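Add 1 to a position in the sequence shown, counting from 1, and you land on the number used in this note's numbering.
All C-beta atoms, glycine included, are put in the ideal place defined by N, C-alpha and C.
Predicted model only: the values in this text are computed from it and were never measured.
Below is one structure, written out as structure tokens, with a few remarks after it.
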Amino acid sequence: MPDPKPPARTACPICGKPATPRERPFCSPRCAQIDLGRWFGETYRIPTSTKDDPDSDVTG
Ligand SMILES: [Zn+2]
């Protein structure tokens, strides 16, 4: 059954502004980038339990 709620206006998860169809669910490419950066930031922050890892001591 159809919901009487108004058209879904996605709010930008970064700044809260109404998202644009183009940059959904963000309001601008900038906010999309910010979200992307967060994603990568978390991805790169992999918790390592090994301390004496020879691989982590790579130089050059
Ligand atoms: Zn935004």
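Does the Cβ of residue i have 16 or more other Cβ atoms within 10 Å, making it buried, or fewer, making it exposed?
i   : result
F41 : exposed
C16 : exposed
Check residue i in the structure and name its three-state DSSP category.
i   : result
P22 : coil
C32 : helix
F27 : coil
Kindly say whether residue i, judged by its beta-carbon, lies nearer than 9 Å to any beta-carbon of chain D.
i   : result
K18 : As a matter of chain content, chain D is missing from the structure shown, which is built from one protein chain.
Which partner residues does residue i have in the DSSP bridge list?
i    : result
A102 : Outside the shown range of the chain, which is 2 to 61, sits residue 102, and nothing can be said about it.
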